[in-house]
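Report on the structure given below.
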Amino acid sequence: MSWLPKSPKARRRLWVVAAAAPVLALAVGLSLWAMQDSVTYFFSPSEATADAAPAGRVIRLGGLVEAGSVEQHGTTVAFSVTDNAATSQVIFEGDLPDLFREGQGIVAQGRFGPDRVFHADTVLAKHDETYMPREVADRLKEKGEWRPEGGASTARPVQSQAL
1 MSWLPKSPKA RRRLWVVAAA APVLALAVGL SLWAMQDSVT YFFSPSEATA DAAPAGRVIR
61 LGGLVEAGSV EQHGTTVAFS VTDNAATSQV IFEGDLPDLF REGQGIVAQG RFGPDRVFHA
121 DTVLAKHDET YMPREVADRL KEKGEWRPEG GASTARPVQS QAL
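Using UniProt numbering, you'd call the opening residue of the sequence shown number 1 and step up by one each time.
As structure tokens, then:
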């Protein structure tokens, strides 16, 4: 075998590399395969097409809760999420965050069913009057629909009058 090095040290080094390379490749491959289930992609309603977000795949869907779309039936809540270009129906079973309301930014994590209705496992709502999830804000800015004043609430704080 003329292709093998003549030095015993070099020959031993070659065998160590030849044995370690497949083990390392297998470890990297298994790590990448294991991580594929932990990646969750974000979509706006207009991006959540059947090709981009296939049924059964866990994703995050974000946008604004459409006014007049919230319907509660016991512990199940149905509502629509919009980015002003498209709308997706969402069904969530459980308790919504206290700050959930129409016209506000939300991010829901779950799956699209075969009927293209999004079945949410988790719903996250904004924290204060100026907060909007960064992913939602970025998508709205890209679409030219960004409302920096945030919030659909037009209520003003009551001012007390001195006696």
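Every residue gets a Cβ at the ideal spot worked out from N, C-alpha and C, and that includes glycine.
Short of 6 Å from the beta carbon of K9, and not among the five residues preceding or following it, lies no beta carbon of its own chain. Partner residues in the beta bridge of E93, as assigned by DSSP, are T76. Ranked by how close their Cα comes to the Cα of A78, the residues G110, H119, A137 and G29 have H119 in first place. Per DSSP, the beta-bridge partners of V65 are V81. R60 is bridged by DSSP to F42 and Q109.
If you look at A125, you'll find it in the beta strand (DSSP E) that goes F118 to A125. With distances taken between CA atoms, G94 lies nearest to D121 out of G63, D121 and S31. Contact check for D83 against S46 passes: the beta carbons are separated by less than 8 Å.
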